[in-house]
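See below for the structure under consideration.
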Amino acid sequence: MTETTPAASPAPPVGSWQQSTVVAIRSETATTRTFRLRLDEPMAYLPGQHVVLRLTAPDGYSASRSYSVASAPDGSPEIELTVERLGDGEVSGFLHDEVVVGDQLEVRGPIGRWFVWQGEVPALLIGGGSGVVPLMSMLRFARQRGGLGPVHLVASVRSPEELLYADELPGPDATVLYTRRTPAGWPRPAGRIGGDDLPAGTDPANPVFVCGSAGFADAVTSVLEERGVPADRIRVERFGPTG
Amino acid sequence: MPVTRGFRSRGARDPRLPPGQYDAGTEWPVLNAEATPTLSTGSWTFFIDGLVERPSHWTWEEIHALPGSNYAGDIHCVTTWSKLGVTFAGVSLDTLLSAAGPLPSATHIVATSFTGYTTNLPLADVTDGKAWVAWEYEGAPLPVEHGGPARLLVPHLYFWKSAKWVSGIHLLDHDEPGFWEQNGYHDHGDPWTEERYQGD
C-alpha cells in the first residue's frame, strides 16, 4: 500500500439507515442468493463498495452484517446484494429462509472507499468463491459502459455448482477456473490459480483487486508477485478493515 | 428501529457484546487491505518518535526484556464480529511511552505498520493501561495472519485501530486520519457508541 498520505478531502459520511423493499430474489447456487432491493433513497455507490444490512427483532435486538453490492451503479434506486448462506449464520440464514419479495429490510451505505474501481484505469479482478461479488459490480459497470471493458475478471471456484452469475460468466472479459472439479470437456484441468491463469498482457502498473478468503488472497498475491506485479498495486478485501 | 418481519432474537444477548456486534465464537476472521508480509524477528524493531523527549526504538530482544503485560477480555471488529474472553501478552504501551517521554503538546498518535498501514488514535486512548504491543495470543506466538510477530492492541476500540505488523507510533499535536479513516471510517471508533464511520 502506498496510498497512506492524507486524502485530499475527508471521505463523505456514510448515509443513514433507510428502508428498502425486496423486489426480487434469485438463486445463484445452492447456498447463495441475490436479493434485489428498491431503496427509499437512491444510493450513489461505486463498484466494489458494500452496505450494512440490519435486522431488528420486536424486543429491540438487532443484528447487522456487511454485504457487497453486486449490481453496477446505473442511476436506478435498486441494488443487488448476493448473500452466501453461512452454516449458523444468524443474518444470512434469516435472509435465505424467511425473506420474501415485498419484505422490508434496513440498509446503510455505501461503505468503503479503498476497494473501488471507477473506470479510470484498466484493472485485473481476481475473486475466489463468493469473493467474486464486489468484482461483479466492477465487471458489470465496465460492460454497461459498452464494448469490451477495461477490466478482466478471473473467478476461481471449486466446482461448476459453486459458480455465481453463471449466465454472465465466463466471457471475453472473464475467465472461470475450477479448483476441484471442472465441467465436462473444460480445457483447463482442475487446480489452484497460477500465473498462466492471468490474462496475457497484464500491465503490472495497473491495479489488481483481489477478494476471497485470506488463504486465497495470499496465494493470488504470490502468483502476482511472481509475475512482477508490485505489492502496492494489489488491493485485497473481504468486506472491511483489518481485524 | 423498524422491526423486521419474522426476525427474532436468539435468546439472551451476552452483555459483553456492544450494539450491532455478534459473537464470532471460535472463529477469528482475517481481514486485510494488503498482502500479508513476511517479517523476521531478527530485524524487527518498534519505534516511538514525533513529540517525545527521547525518540526511541526497541529490537525484538529489547522489547521482550521489558516487564510483560497481559490483556484478558474482548475484541470487536467494525465488520460486526466480536471475540469474547481472549488473552494477549506483550508489553504495555505505557512502559514504552514512559521511556520515550511524551511532550505536553502531544495529543494524538499515528500507528504505522511494516506494510505502510496507518491508523490514528488519541493519546489518551493508548495510555493508562489501554494499549499494548502484543506478540502472544492464547499463550502462543501471534500468527502472522493476525499481525505477528507483533501488533498493536487497543481492545476498547474497533479492531482496525489495533494495527497488525505494527512498526511504531508517531506522536502528534493534532489528529491525522490513517488508512481506513481516510477511507470513510471513524477517527475514534468506540464500539459501545458505534463510532463506525465518519460522521457517526
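Chains as they are written, first to last, in our numbering: chain P, 1 to 243; chain B, 1 to 200.
For each residue, glycine too, the CB sits at the ideal point set by N, CA and C.
Report task. Would you kindly work out how many angstroms separate the C-alpha atoms of B/T80 and P/R65, rounded to a whole number? Result -> Numbered from its first residue, the second sequence carries residue 80 of chain B at position 80. Numbered from its first residue, the first sequence carries residue 65 of chain P at position 65. Rounded to the nearest angstrom, the two C-alpha atoms are 6 Å apart.
Query - Neighbourhood of P/Y67 by C-beta, 7 Å cutoff - its chain only, sequence neighbours within 5 removed - result: Working through the first sequence from its first residue, we reach residue 67 of chain P at position 67. Result list for P/Y67: H50, V51, L53, L81, V83, in chain order.
**Report entry** Sheet register partners of P/Q104 (DSSP bridge)
**Finding:** Numbered from its first residue, the first sequence carries residue 104 of chain P at position 104. P/Q104 is bridged to P/T21.
Requested in this report: Check distances from the C-beta atoms of the segment 168 to 194 of chain B to those of chain P and list, in chain order, the residues that come in under 7 Å.
Outcome: Those would be E176, P177, F179, W180, Q182, N183, G184, Y185, in chain order.
Requested in this report: Using three-state DSSP, classify B/W135 as helix, strand or coil.
Outcome: Walking along the second sequence from the start, residue 135 of chain B turns up at place 135. Correct three-state label for B/W135: strand.
Query raised in the report: Looking at the structure shown, is B/A65 part of a helix, part of a strand, or coil, going by DSSP?
Result: Position 65 of the second sequence, counted from the start, is the residue given in the question as residue 65 of chain B. Here B/A65 sits in coil by DSSP.
Requested in this report: Indicate whether at least one CB of chain P lies closer than 9 Å to the CB of B/P15.
Outcome: On the second sequence, position 15 is the one that residue 15 of chain B refers to. For B/P15, the closest Cβ of chain P is not nearer than 9 Å.
Requested in this report: Examine chain P for any beta-carbon lying closer than 9 Å to the beta-carbon of B/T87, and answer yes or no.
Outcome: In the second sequence, the residue the question calls residue 87 of chain B occupies position 87. It does not: the Cβ of B/T87 has no partner Cβ on chain P nearer than 9 Å.
Query raised in the report: So with Cβ pairs under 9 Å, would you call P/I193 a contact of chain B?
Result: Counted from its first residue, the first sequence places residue 193 of chain P at position 193. By this cut-off, P/I193 is not an interface position.
Query raised in the report: Leaving out five residues before and five after B/D173 in sequence, what residues of the same chain have Cβ atoms less than 8 Å from its Cβ?
Result: The sequence position of residue 173 of chain B within the second sequence is 173, counting from 1. Once the five neighbours on either side are set aside, the close Cβ partners of B/D173 are L51, S105, A106, T107, H108.
Report task. Give me the Cα-Cα distance between B/S92 and B/Y137, rounded to the nearest whole angstrom. Result -> Residue mapping note: residue 92 of chain B aligns to position 92 of the second sequence, counting from 1. Residue mapping note: residue 137 of chain B aligns to position 137 of the second sequence, counting from 1. Each residue's alpha carbon lies about 15 Å from the other.
Requested in this report: Taking 9 Å as the cut-off, decide whether the C-beta atoms of B/G90 and B/G68 are in contact.
Outcome: Walking along the second sequence from the start, residue 90 of chain B turns up at place 90. Walking along the second sequence from the start, residue 68 of chain B turns up at place 68. The answer is yes: Cβ separation under 9 Å.
Requested in this report: Give me the Cβ distance between B/W28 and B/K83, rounded to the nearest whole Å; I'm assuming they're in contact under 8 Å.
Outcome: Against the second sequence, residue 28 of chain B aligns to sequence position 28. Against the second sequence, residue 83 of chain B aligns to sequence position 83. Their Cβ separation, rounded to whole angstroms, is 6 Å, which keeps B/W28 and B/K83 in contact under 8 Å.
Query raised in the report: What is the rounded straight-line gap between the Cα of P/S130 and the Cα of P/A70?
Result: Position 130 of the first sequence, counted from the start, is the residue given in the question as residue 130 of chain P. Position 70 of the first sequence, counted from the start, is the residue given in the question as residue 70 of chain P. Approximately 11 Å between the Cα atoms of the pair.
Query raised in the report: Nearest chain B C-beta to P/F94 closer than 9 Å, yes or no?
Result: Residue 94 of chain P sits at position 94 when you count from the first residue of the first sequence. For P/F94, the nearest beta carbon of chain B is closer than 9 Å to its own beta carbon.
Query - Short Cβ contact (9 Å threshold) for B/Y158 with B/H76 - result: Locating residue 158 of chain B in the second sequence gives position 158, counting from the first residue. Locating residue 76 of chain B in the second sequence gives position 76, counting from the first residue. In contact: B/Y158 and B/H76 (Cβ atoms closer than 9 Å).
Requested in this report: Determine the closest residue to P/P204 out of P/R85, P/V229, P/G102, with distance taken between C-alpha atoms.
Outcome: Taking the first residue of the first sequence as position 1, residue 204 of chain P is located at position 204. The residue with the shortest Cα to Cα distance from P/P204 is P/V229.
Report task. Quick one: grab the DSSP three-state call for B/H188. Result -> Residue mapping note: residue 188 of chain B aligns to position 188 of the second sequence, counting from 1. Of the three classes helix, strand and coil, the one that applies to B/H188 here is coil, per DSSP.
Report task. Round the Cβ separation of P/F141 and P/P73 to the nearest angstrom and send it over; I've been treating them as touching at under 8 Å. Result -> As a working mapping, residue 141 of chain P is identified with position 141 in the first sequence. As a working mapping, residue 73 of chain P is identified with position 73 in the first sequence. Rounded, the Cβ-Cβ distance is 7 Å, consistent with contact.
Query raised in the report: Considering B/W180, what are the terminal residues of the alpha helix (DSSP H) in which it resides?
Result: Translated into positions along the second sequence, residue 180 of chain B becomes position 180. Segment 179 to 182, the alpha helix (DSSP H) holding B/W180.
Query raised in the report: Roughly how far, in whole angstroms, is the beta-carbon of B/T112 from the beta-carbon of B/P37, given that I think they are within contact range, below 8 Å?
Result: Within the second sequence, residue 112 of chain B is the residue found at index 112, counting from 1. Within the second sequence, residue 37 of chain B is the residue found at index 37, counting from 1. At roughly 13 Å, the Cβ-Cβ gap does not stay under 8 Å, so B/T112 and B/P37 are not in contact.
Query raised in the report: On the three-state DSSP scale, how would you describe P/V91?
Result: As a first step, residue 91 of chain P must be located in the first sequence, where it is residue number 91. Of the three classes helix, strand and coil, the one that applies to P/V91 here is helix, per DSSP.
Query - P/P47 beta carbon less than 9 Å from that of P/W117 - result: Taking the first residue of the first sequence as 1, we reach residue 117 of chain P at position 117. Taking the first residue of the first sequence as 1, we reach residue 47 of chain P at position 47. Against a cut-off of 9 Å, the Cβ pair of P/P47 and P/W117 comes out as a contact.
Report task. Check whether the Cβ atoms of B/Q120 and B/D187 lie closer than 9 Å to each other. Result -> Sequence index remark: in the second sequence, residue 120 of chain B carries index 120 (1-based). Sequence index remark: in the second sequence, residue 187 of chain B carries index 187 (1-based). Position check: residue 120 of chain B holds Asn in this sequence, whereas Gln was assumed. Taking 9 Å as the Cβ cut-off, B/N120 and B/D187 qualify as a contacting pair.
Query raised in the report: B/L103: buried (16+ other C-beta within 10 angstroms of its C-beta) or exposed?
Result: Position 103 of the second sequence, counted from the start, is the residue given in the question as residue 103 of chain B. Looking at its Cβ environment, which holds fewer than 16 other Cβ atoms inside 10 Å, B/L103 is exposed.
Query raised in the report: Does P/I234 have its Cβ less than 9 Å from a Cβ in chain B?
Result: Within the first sequence, the letter at position 234 stands for residue 234 of chain P. True, the Cβ-Cβ gap to chain B drops below 9 Å.
Report task. Just tell me which of B/D125, B/S56, B/G11 has its CA closest to the CA of B/P155. Result -> Here residue 155 of chain B refers to the residue found at position 155 when the second sequence is read from its first residue. Looking at the Cα atoms, B/D125 is the closest of the given residues.
Query raised in the report: For the candidate residues B/G73, B/D74, B/F47, whose alpha-carbon lies nearest to that of B/E62?
Result: To locate residue 62 of chain B, count along the second sequence from 1; it is residue 62. Considering only B/G73, B/D74, B/F47, the residue with the shortest C-alpha distance to B/E62 is B/F47.
Query - Where P/A57 meets chain B, residues with beta-carbon distance less than 8 Å - result: Here the question's residue 57 of chain P lines up with position 57 in the first sequence. Per Cβ cutoff of 8 Å: V3, T4, F7, R8, S9.
Requested in this report: Flag this pair as touching only if the segment 96 to 105 of chain P and the segment 145 to 160 of chain P have three or more C-beta atom pairs under 8 Å; answer yes or no.
Outcome: no
Query raised in the report: Is there contact here, the segment 28 to 46 of chain P with the segment 103 to 118 of chain P, by at least three beta-carbon pairs under 8 Å?
Result: As far as the Cβ criterion goes, the segment 28 to 46 of chain P touches the segment 103 to 118 of chain P, which means the pair count is three or higher.
Report task. Kindly say whether P/L164, judged by its beta-carbon, lies nearer than 9 Å to any beta-carbon of chain B. Result -> Within the first sequence, numbered from 1, the residue matching residue 164 of chain P stands at position 164. No, no contact with chain B.
**Report entry** Buried or exposed by the 16-neighbour rule on C-beta atoms within 10 Å, applied to B/H146
**Finding:** Within the second sequence, residue 146 of chain B is the residue found at index 146, counting from 1. When all chains shown are included, B/H146 counts as buried.
Query raised in the report: On the three-state DSSP scale, how would you describe B/W58?
Result: Position 58 of the second sequence, counted from the first residue, corresponds to residue 58 of chain B. Note: B/W58 maps to strand in three-state DSSP.
Query - beta-carbon B/Y158 near the ligand FMN non-hydrogen atom, thresh 8 Å - result: This structure does not include the ligand FMN; it has no bound ligands of any sort.
Query raised in the report: Skipping 5 residues on each side, what residues in its chain have a beta carbon closer than 7 Å to that of P/V128?
Result: In the first sequence, residue 128 of chain P corresponds to position 128, counting from 1. Correcting the residue identity first, residue 128 of chain P is Gly in this sequence and not Val. These residues qualify, in order along the chain: S156, G212, S213, F216.
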